[in-house]
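**Q** Before we start, here is the structure in question, set down as C-alpha cells.
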Amino acid sequence: MAEDLKKEDGLAKARRILQNYDGPKVRIMEVCGTHTHEIFRQGVRRVLSPQIEMISGPGCPVCVTAVTFIDEAISLALDHGCTITTFGDLVRVPGTKKSLQIARGEGANVKVVYTPLDAVAYAKDHPQEEVVFLAVGFETTTPSECLAVEKAMEEGLTNFSLLTANKTMPAAYEAMKDATDLYLYPGHVHAIIGNKICEDMLQEGVSGVVGGFTGKEILTALAVGVTEFQKGKPFFKNCYPRVVTGEGSPQAMELVDKMMEPCDQEWRGIGLLKNSGMQLRGEYAAYDARKKFDLSGIIGKPNPACRCGQVLQGAIKPHECPCFGTACTPEHPVGACMVSSEGACSAWYLYGDLANKPLNK
Amino acid sequence: MCVGLSAKVVSLKDGMAIVDASGAKRSISAQLLTDLNPGDYVMVHAGTAIAKITDNDTDETDSLLEEL
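Chains as they are written, first to last, in the working numbering: chain B, 1325 to 1685; chain Z, 12 to 79.
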C-alpha cells in the first residue's frame, strides 16, 4: 500500500510538471515509433501544457522504408521466384504500383516471421526455395539480422539472403535537429549504441533525454526534459539507466561492425541521407540479395499525393495531409505512416481526437 | 516491429533462452548478452535479448523525479 502511494506520488508529480509548464514554447520530437504509439495510446498529449508540442519523428522503420525497397522485394518474389520472409507490418506498405500483399495475390510467396532467425529456420526446412529476409530496422533490429546471417553460415545454407535497408538513428538525429528543441531519445536504441551520440549532439547544442516506454517512464522523461529546458542551457539526461548504460552493448556493436558497413540510404519522404544505412560487407556478398540477384534499374516512384515526408519531418500534422482519413486509412494506406501501428498517421487515426483533447484541469 | 518487450529469463541453453513475457513463453537468442541467468529480466527485440534490465521502473522514475 505504501509503495502504491509512493508510485502515485511520482506519477502525479511528473503530470503536474507537464500540465503546469509555463516556460518558453518547447517542441519535443519523439524519434521512435514505439514512443509515438505509446504517447498516443496512453493519452500523454492530453496532459501536456499548451506550451509543449510533441512532434513524431522518422524513427518508425516501416514508415521510412523507401518505395524502391518494396519494389525490389516484389521483383525478388515475382521475377526471381524467391520466398520473401518479413516482419508483418511491411506486407501492406505500398510500392510504386503495389504492396507485397497485392503481390501475394499474383503468386508471390510471402511469409511473415517473428524474428530473422525464424527465416533461417524456414530456409533450412525448405532447401528448394531461395529465401530472402527483408532486413529493415534501426540499431535494435540490425544485430538480429546479423545473427541470422551468422546462423545461416553455421548451418551451411546457400538459399538464404538479406535484402537490406537498415538505418542508423544518429543520421535521423542529425537530419531532424532543426525541427526540434529537445529529443526524446528511444531507450532501446541507446541500450545498443550507448549515450555517446547524445553527448555528441549536446556538443552541437542539441538537448535530449533518453526515455523508456511505460506511461510513467515517458512522463518522467518529459518532465525532466521540460524542467531542464526551462533553465535555458543545452542538456542531456539519461532517464532510463536501468536499461541504457553509457557504453551500450559492445557485443551487438562488434557483431554489426564485423558483418556490416555504413552506406548511403534512402528514407521514404526524406530522401537520400549520407552514411545513414548499413549493408553487408563484401565478404558476406553471398548473403546479400541485392548482389545475389540482379535488381539493378529498379527505382520506385512515391505517390505524389502522400505527404508522409512532411509528417516525418514534423512540418505538418497527419490530419493536415489531404489524403488523411479519406483516401488513406489503416485499411487502405497510401503512405507507410498509415500502415505501421507505430506510424504517426496510424496513431493519429486511431487516437487523434481523443489523444489531443486537453484534460480538464 | 520496433517494439521492445521486457521478459523474464526462464532457462538458457546453447545461446538461446526461454523467456516469459507476461505469461507467454518464447525462445529467443541470448547471444548478445554474456552474463544472463534464469530470473534475470531482459529487453527483447526482434527475437533477440538486447539488454539486461537491472532495476525496477518505479525506483528509477521516483529517484529521477525527486531531483526535480
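Idealized CB from N, CA, C, for every residue including glycine. Note that the structure is a prediction, hence the values are computed from the model and not measured.
(1) Give the straight-line distance between the Cα atoms of V1550/B and D1524/B, rounded to the nearest whole angstrom.
(2) Leaving out five residues before and five after A1609/B in sequence, what residues of the same chain have Cβ atoms less than 6 Å from its Cβ?
(3) Can you list the residues of chain Z that S1468/B reaches, using a CB-CB cut of under 8 Å?
(4) State the beta-bridge partners of Y91/Z as determined by DSSP.
(5) DSSP three-state label for R1340/B, please.
(6) Buried or exposed, going by whether 16 or more other CB atoms sit within 10 Å of the CB of H56/Z?
(7) With H, G and I counted as helix, E and B as strand and the rest as coil, what does DSSP make of I1601/B?
(8) Please report the straight-line C-alpha distance between T1538/B and E1362/B, rounded to a whole angstrom.
(9) Counting C-beta neighbours from all protein chains within 10 Å, is the total for V1456/B 16 or more, i.e. buried, or is it exposed?
(10) For the stretch 1407–1439 of chain B, enumerate the residues whose C-beta is nearer than 7 Å to any C-beta of chain Z, in chain order.
(11) Please check the pair L1597/B and A1495/B, which I expect to be a contact at CB under 8 Å, by giving their CB distance rounded to whole angstroms.
(12) In this structure, how does DSSP classify F1364/B when only helix, strand and coil are distinguished?
(13) When DSSP labels each residue in this structure, what does Y1345/B get in the three-state scheme?
(14) So G1593/B and C1647/B are supposed to be a Cβ contact under 8 Å. How far apart are they, rounded?
(15) For I1341/B, would you say it is in contact with chain Z, using Cβ-to-Cβ distances shorter than 8 Å as the test?
(16) Exposed or buried, L79/Z, counting other C-beta atoms within 10 Å across all chains shown (16 or more means buried)?
(17) Between L1683/B and chain Z, is the shortest Cβ-Cβ distance under 8 Å, so that the two count as touching?
(18) In this structure, does DSSP put Y1673/B in helix, strand or coil?
(19) Tell me the DSSP secondary structure of R1416/B in three-state form.
(20) Helix, strand or coil for K1501/B? Go by DSSP, reduced to three states.
(21) For the alpha helix (DSSP H) holding V1386/B, just list the boundary residues, first then last.
**A** Inspection of the coordinates gives the following:
(1) Your numbering for residue 1550/B matches position 226 in the first sequence. Your numbering for residue 1524/B matches position 200 in the first sequence. So the two alpha carbons sit approximately 20 Å from each other.
(2) Along the first sequence, read from residue 1 onward, the residue named residue 1609/B stands at position 285. Correct list, in chain order: K1615.
(3) Position 144 of the first sequence, counting from 1, holds the residue named residue 1468/B. The answer, in chain order, is S40, H56, A57, G58, T59.
(4) No statement about residue 91/Z is possible, as the shown extent of chain Z runs from 12 to 79 and does not include it.
(5) Your numbering for residue 1340/B matches position 16 in the first sequence. If DSSP states are grouped into helix, strand and coil, R1340/B belongs with the helices.
(6) Residue numbering aside, residue 56/Z sits at position 45 when the second sequence is read from its first letter. Buried is the call here.
(7) Working through the first sequence from its first residue, we reach residue 1601/B at position 277. The amino acid at residue 1601/B is misidentified as Ile; the sequence shows Gly. It is a strand residue.
(8) By one-based count along the first sequence, residue 1538/B stands at place 214. By one-based count along the first sequence, residue 1362/B stands at place 38. Rounded to whole angstroms, T1538/B to E1362/B spans 8 Å at the Cα level.
(9) Position 132 of the first sequence holds residue 1456/B. Buried: at least 16 other Cβ atoms inside 10 Å.
(10) F1411, D1413, Y1438, T1439
(11) Locating residue 1597/B in the first sequence gives position 273, counting from the first residue. Locating residue 1495/B in the first sequence gives position 171, counting from the first residue. About 5 Å; that satisfies the 8 Å criterion.
(12) For the purposes of this step, residue 1364/B is identified with residue 40 of the first sequence, where counting begins at 1. DSSP places F1364/B in helix when its eight states are reduced to three.
(13) By one-based count along the first sequence, residue 1345/B stands at place 21. DSSP places Y1345/B in coil when its eight states are reduced to three.
(14) In the first sequence, counting from the first residue as 1, residue 1593/B sits at position 269. In the first sequence, counting from the first residue as 1, residue 1647/B sits at position 323. That belief does not hold up - the Cβ atoms of G1593/B and C1647/B are roughly 13 Å apart, past 8 Å.
(15) Start at 1 with the first residue of the first sequence, and residue 1341/B comes out as number 17. For I1341/B, the answer is yes, since a Cβ of chain Z falls inside 8 Å of its Cβ.
(16) Taking the second sequence and counting its residues from 1, the one referred to as residue 79/Z is at position 68. With fewer than 16 other Cβ atoms within 10 Å, it is exposed.
(17) Reading the first sequence from its first residue, position 359 is the one you call residue 1683/B. Interpretation of L1683/B is limited by its pLDDT of 48, a score under 50 that renders its predicted location unreliable; no figure is taken from the coordinates.
(18) Numbered from its first residue, the first sequence carries residue 1673/B at position 349. Y1673/B falls in the helix class under three-state DSSP.
(19) Here residue 1416/B refers to the residue found at position 92 when the first sequence is read from its first residue. If DSSP states are grouped into helix, strand and coil, R1416/B belongs with coil.
(20) Indexing the first sequence from 1 puts residue 1501/B at position 177. Three-state result, K1501/B: helix.
(21) Mapped onto the first sequence, residue 1386/B falls at position 62. From DSSP, V1386/B is part of no alpha helix (DSSP H); its letter is neither H nor E.
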